[in-house]
Amino acid sequence: MKKSLMLSALAAAVLAGCGNNEDAGGNGDSKGSIEVGGKNFTEQFILAKITSIYLEEQGYDVTENTNMGSEVLRQALENEQVDLYWEYTGTGLVNYLNEDPVASSEEAYDLVKELDEENGIIWLDAAEINNTYTLMMREENADELGISSLSDLADYVNNNPGELEFASNAEFASRADGLAGVQETYGFEFGSNQVVRMDSGLTYQALDEEQVDVAMGFATDSRIKGFDLLTLEDDEGFFPAYNAAPTVREGILENNPELEDTLQALSEQLDTETMTELNYQVDMEQRSETEVSREWLEENGLID
Amino acid sequence: MKNLFPKGLTGRFFFLGLFLILLPVTLVFIVAVTVSQAYLTERTHNQTNQEALYMAIQTNQMVEDKINRMESAVYHYRDTGNAEAFQALVNELHLSDPFYRGSNILDAQGNVEFSSQGTNVSPALQTVLSNVAEKMEWRRSSFIFTNSSQEPLGLYMAVPIQNEDHSPIEGVIVSKISSTYLHNFFRTFADEAGTRALLADSQGNVYMDSSYRETGESIAGENFYRDIKRERTEVIDTSWRENEVLIAHHAVDRHPLYTVIITDKDYAYASTERLTEVLALGWMILFTSGIAMIIITRRKMVVPIKKLTKQSYDYAEGEAWKINLLSEKNEIKTLSKSMHHMAEDLKAKERYLKLILESFPYGVLTIDEEGIVTSLNKVGEQLIEHSKKQFVGKSYRRLPSKKLVKLFDRHLKKSRLTETVTDEIKYVDQTGKTKHMKLTISPLRNEDNQLIGQLVTLWDYTTIKELEGHLQRSEHLAAIGQMTAGLAHEVKNPLGTVQMAAEVIHEEVKEIFLNNPRDTGRFSMILEAAGDIQDETKRLDNLVKKFLQVSKNKKSEEKLLKLKEVNDKVLHLLAHQFRYYDIDLYSGRFPEKDLVLGDESQLIQAFMNVYLNAVEAMQEQGGNLRVAVKKQHNDLILTISDTGEGIEPSKINRIFHPFFSNKQEGTGLGLSITHDIIKEHGGRIDVESEAGLGTTFKLYLPEAKERSPHNE
Numbered sequence: 001m002k003k004s005l006m007l008s009a010l011a012a013a014v015l016a017g018c019g020n021n022e023d024a025g026g027n028g029d030s031k032g033s034i035e036v037g038g039k040n041f042t043e044q045f046i047l048a049k050i051t052s053i054y055l056e057e058q059g060y061d062v063t064e065n066t067n068m069g070s071e072v073l074r075q076a077l078e079n080e081q082v083d084l085y086w087e088y089t090g091t092g093l094v095n096y097l098n099e100d101p102v103a104s105s106e107e108a109y110d111l112v113k114e115l116d117e118e119n120g121i122i123w124l125d126a127a128e129i130n131n132t133y134t135l136m137m138r139e140e141n142a143d144e145l146g147i148s149s150l151s152d153l154a155d156y157v158n159n160n161p162g163e164l165e166f167a168s169n170a171e172f173a174s175r176a177d178g179l180a181g182v183q184e185t186y187g188f189e190f191g192s193n194q195v196v197r198m199d200s201g202l203t204y205q206a207l208d209e210e211q212v213d214v215a216m217g218f219a220t221d222s223r224i225k226g227f228d229l230l231t232l233e234d235d236e237g238f239f240p241a242y243n244a245a246p247t248v249r250e251g252i253l254e255n256n257p258e259l260e261d262t263l264q265a266l267s268e269q270l271d272t273e274t275m276t277e278l279n280y281q282v283d284m285e286q287r288s289e290t291e292v293s294r295e296w297l298e299e300n301g302l303i304d
Numbered sequence: 001m002k003n004l005f006p007k008g009l010t011g012r013f014f015f016l017g018l019f020l021i022l023l024p025v026t027l028v029f030i031v032a033v034t035v036s037q038a039y040l041t042e043r044t045h046n047q048t049n050q051e052a053l054y055m056a057i058q059t060n061q062m063v064e065d066k067i068n069r070m071e072s073a074v075y076h077y078r079d080t081g082n083a084e085a086f087q088a089l090v091n092e093l094h095l096s097d098p099f100y101r102g103s104n105i106l107d108a109q110g111n112v113e114f115s116s117q118g119t120n121v122s123p124a125l126q127t128v129l130s131n132v133a134e135k136m137e138w139r140r141s142s143f144i145f146t147n148s149s150q151e152p153l154g155l156y157m158a159v160p161i162q163n164e165d166h167s168p169i170e171g172v173i174v175s176k177i178s179s180t181y182l183h184n185f186f187r188t189f190a191d192e193a194g195t196r197a198l199l200a201d202s203q204g205n206v207y208m209d210s211s212y213r214e215t216g217e218s219i220a221g222e223n224f225y226r227d228i229k230r231e232r233t234e235v236i237d238t239s240w241r242e243n244e245v246l247i248a249h250h251a252v253d254r255h256p257l258y259t260v261i262i263t264d265k266d267y268a269y270a271s272t273e274r275l276t277e278v279l280a281l282g283w284m285i286l287f288t289s290g291i292a293m294i295i296i297t298r299r300k301m302v303v304p305i306k307k308l309t310k311q312s313y314d315y316a317e318g319e320a321w322k323i324n325l326l327s328e329k330n331e332i333k334t335l336s337k338s339m340h341h342m343a344e345d346l347k348a349k350e351r352y353l354k355l356i357l358e359s360f361p362y363g364v365l366t367i368d369e370e371g372i373v374t375s376l377n378k379v380g381e382q383l384i385e386h387s388k389k390q391f392v393g394k395s396y397r398r399l400p401s402k403k404l405v406k407l408f409d410r411h412l413k414k415s416r417l418t419e420t421v422t423d424e425i426k427y428v429d430q431t432g433k434t435k436h437m438k439l440t441i442s443p444l445r446n447e448d449n450q451l452i453g454q455l456v457t458l459w460d461y462t463t464i465k466e467l468e469g470h471l472q473r474s475e476h477l478a479a480i481g482q483m484t485a486g487l488a489h490e491v492k493n494p495l496g497t498v499q500m501a502a503e504v505i506h507e508e509v510k511e512i513f514l515n516n517p518r519d520t521g522r523f524s525m526i527l528e529a530a531g532d533i534q535d536e537t538k539r540l541d542n543l544v545k546k547f548l549q550v551s552k553n554k555k556s557e558e559k560l561l562k563l564k565e566v567n568d569k570v571l572h573l574l575a576h577q578f579r580y581y582d583i584d585l586y587s588g589r590f591p592e593k594d595l596v597l598g599d600e601s602q603l604i605q606a607f608m609n610v611y612l613n614a615v616e617a618m619q620e621q622g623g624n625l626r627v628a629v630k631k632q633h634n635d636l637i638l639t640i641s642d643t644g645e646g647i648e649p650s651k652i653n654r655i656f657h658p659f660f661s662n663k664q665e666g667t668g669l670g671l672s673i674t675h676d677i678i679k680e681h682g683g684r685i686d687v688e689s690e691a692g693l694g695t696t697f698k699l700y701l702p703e704a705k706e707r708s709p710h711n712e
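These protein sequences, in sequence, are chains A and B.
Terminal number for the first sequence in this note's numbering: 304, no gaps in between.
Terminal number for the second sequence in this note's numbering: 712, no gaps in between.
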């Protein structure tokens, strides 16, 4: 008798809880307003839009502030002009915390989360979007040459010196943790004649048009999918981790503790492949960011 | 419910029409309307949605383009550092493009350094500009600003003035976006009646309504606003401002703007409505023609069939004597024709039967089970001497003849209904003549052998009755003649015997006299006496022949007789004659039980006649006579066969008739008498004869049982 009473009470509590949630969900601005920020490239527009729609549906009143420079945005977060935005662990460590880049996703996340907490910035769970540097080849060419990882590439370059040409932007070609680091780690070297320098946005096209055989790029770029490019596996784990994670000011999280779980749902579903696909839809298929974002949320059951 | 639908053939017809035409047509209509409505609705929704999306893209491109223009001025300034040239460039851009409705260059603190409207900046605008500058300080990139909190409502574009991208700002270019430009730009999205295009910000402020109705107003309070804010993409089907509308909306990428397309449902669903109308019209036409077809076909088919049915019913009921031809020109006409002919044919046959009945030489009267007279033919009318109209359909008790009524009364008792009864009535007709009427009452049955009444046949018996009287008299006379002849015959036979005996005596004595001439005197006396006997018998014989007397055969006394004994007596009497005419007698075996019941002298006479007949047949050449008796069923058959001259086939049928004789001396009564006697004893005679070979007589006599009482 007692037991059943307790169960009833529990059930009632659960039901009441559900009811509250629903009320919160259905009642527009009961959860307060949130300023969502975003940087000035496609992936960031999409992540901001996904977050914005998702939070709106959860009952927040969201304002988007996108098209911002990376450091300007970080500053706006710190200065409470923006409450939340997606940042990359690598960027956090190198650009804001003056740390060395870390190759392991977990280590990089743990480190940046730990260090940034002192600044009052909380890194929520990271998604498996690793928008780091990558070396790419045309898929059929890679198949032909039997190359699928950077080690394979090193072997091939060592066996066929001077054959493959490499496209890179100036920064990557000159940075110690760029091409030089890759070559050192994997034990091979492109001849200076083999490295073609160009603006970072042009390497994909150059590779696609067979001006070069290997090119550097960013792992979630839509053109990887658009041009059927193969990203070579960083089997030695050289490139620093650039995992995307929502960063939020501590004060906001204190006022909205459920925000952590809410945004975790997004992080869990997003990965590099998904992001590339979404970027592809906006960049290559010229679809509306809103449409693509909403569609993805719906497909993954995050909203109705 | 049952009564709502016509019954019978018409009912079926209507049901058939309903199921074959009306229901399918209606079903097809409903399905077509439903499917096409669903399809068109979906298409309308998609179309409206696409419009909102397209408008959002257009907005985005427009804004990006205008931002780029202003940014290019900033880039130019970065390169040159010439502030005056920069202001001039901004002003030029401003003046050349109606998109901009007042452009200002502010310093980093929000102070106006240049304004296209001159130096006279209103406090309200100053507030807005300050807010923009404040925001630009931390954003450091171009954005669209909406001042939702202050009047007047305005849509502003802010471009940072900075040394390089994202670096701290030196100032801001703030341009108000022209509402007129927006209205003109989006006119194409609302150039159709019933459709409006709106541009709103995230607070629900409407900066542009192609119909101007909502421009400057807020839709934040509307039920669909939340959907817009949450950037949901479904088309909203709702009622707004007392109009049923479809609302599609879309967020403008990268800017806090929303496009809204509002279409009156009347307009949006016009094609659906039109299609429904067309389909409904088609359905109505089909339905009406279906109904019309049913009605026409009913008139062409069901009505004639019903007419025919009624006619046949009347015909069957006897109310009509013919079936009229119908004017239809199809199978129904054929049907009507054949029914018409059938009826005619039937009528002809019935008429023929009626004529037979009427022409029947007997009166025929029928009575049904209730005792009602159902018909009376012409002869019947004559016999009853009243018109049938007076009786038909009425009880037989109304018949004028009380005797007839009594007879019926007696007969129509239940127990006697199935018997056939013949009776006779004597009555006096209207002319006073005495008449005899004979009638039979027999059961009248239907084809299933069930009793449906009584059939009475009447005929005038008067003439036959009179004839019968005459016949009786002539039969009497014939009997007298037969008796006389019989007697004569009986006398004649013994006379013949006497005569023959006398002749024998005379001849024997004469021989003895010739051998003994001494005793002449004695012998001559005997001879004389014998001669006398001969003479006298001859005379007597003639006398008998002359005086035929009337006599009648009658069994005087009957007793059980053994057939063999009777036959032996006859043979004994005739033994002399057999010998005389050289006839050999062959007597067959007699059964042990050969009793017959009868008059001995009559049977002797009967047998004797047959034997004499045989003797006469063989007296010229002699012959064989065979006698035998055998049993067959209950009869004893005495067979007498001779080998005489036989009887010609033409005469054999007449040998038993009185006065028929094959012989010159015969009276013609012998076999006739035999025939009568055998008949009297319940027997019969068969004769078989072949001329020249002989004759066989078979006398059948019923065998008598030994102990049966013979006097009964």
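For glycine and all other residues, C-beta sits at the position ideal for the given N, C-alpha and C.
Closest by C-alpha distance to residue i, when choosing among the options
i                      : options                       : result
residue 243 of chain B : B/205, B/230 and B/196        : B/196
residue 60 of chain B  : B/451, B/672 and B/259        : B/259
residue 360 of chain B : B/541, B/382, B/397 and B/431 : B/382
residue 541 of chain B : B/529, B/493 and B/586        : B/493
residue 120 of chain A : A/74, A/163 and A/153         : A/74
residue 464 of chain B : B/446, B/435 and B/443        : B/435
residue 154 of chain A : A/200, A/176, A/272 and A/186 : A/186
residue 8 of chain B   : B/460, B/309 and B/246        : B/309
Proximity test, Cβ basis, 7 Å: residue i and chain A
i                      : result
residue 253 of chain B : yes
residue 230 of chain B : yes
residue 166 of chain B : yes
residue 240 of chain B : no
Cβ of residue i within 7 Å of any chain B Cβ
i                     : result
residue 23 of chain A : Reliability fails at residue 23 of chain A, whose pLDDT of 36 lies under 50, so the model's placement of it is uncertain and the value that follows must be treated cautiously. No, no contact with chain B.
residue 12 of chain A : Low confidence applies to residue 12 of chain A: its pLDDT is 41, below 50, so where it sits in the model is not reliable, and the reading given next is rough at best. Answer no: the Cβ-Cβ gap between residue 12 of chain A and chain B never drops below 7 Å.
residue 69 of chain A : yes
residue 72 of chain A : yes
residue 81 of chain A : yes
Neighbour list for residue i in chain A, Cβ cutoff strictly below 9 Å
i                      : result
residue 250 of chain B : 288, 290 and 291
residue 78 of chain B  : The premise fails here: residue 78 of chain B is roughly 16 Å from chain A at the closest Cβ pair, so nothing lies under 9 Å.
residue 196 of chain B : Neighbours of residue 196 of chain B on chain A: none; closest Cβ ~21 Å, over 9 Å.
residue 218 of chain B : The contacting residues do not exist; residue 218 of chain B stays about 15 Å from chain A at best.
Opening and closing residue of the beta strand (DSSP E) in which residue i lies
i                      : result
residue 24 of chain B  : Looking at the DSSP string, residue 24 of chain B is not in any beta strand (DSSP E); the run it does join, the alpha helix (DSSP H), is 23-80.
residue 188 of chain B : Element bounds for residue 188 of chain B: n/a, residue is neither H nor E.
Proximity of residue i and residue j at Cβ, strictly below 7 Å
i                      : j                      : result
residue 258 of chain A : residue 213 of chain A : no
residue 635 of chain B : residue 702 of chain B : yes
residue 168 of chain A : residue 195 of chain A : yes
residue 290 of chain A : residue 251 of chain B : yes
residue 564 of chain B : residue 594 of chain B : yes
heavy atom of the ligand NAD below 6 Å from residue i C-beta
i                      : result
residue 109 of chain A : Here there are no bound small molecules, and the ligand NAD is not part of this structure.
Contact list for residue i against chain B, beta-carbon separation under 9 Å
i                      : result
residue 223 of chain A : Neighbours of residue 223 of chain A on chain B: none; closest Cβ ~20 Å, over 9 Å.
residue 51 of chain A  : Within chain B, no residue comes near residue 51 of chain A; the closest Cβ sits about 12 Å away, beyond 9 Å.
Opening and closing residue of the alpha helix (DSSP H) in which residue i lies
i                      : result
residue 567 of chain B : 563-580
Where residue i meets chain A, residues with beta-carbon distance less than 7 Å
i                     : result
residue 56 of chain B : 288
Proximal residues of chain B, C-beta to C-beta of residue i below 7 Å
i                     : result
residue 66 of chain A : 254
Neighbouring residues, chain A, relative to residue i (Cβ below 8 Å)
i                      : result
residue 141 of chain B : 40, 67, 68, 69 and 72
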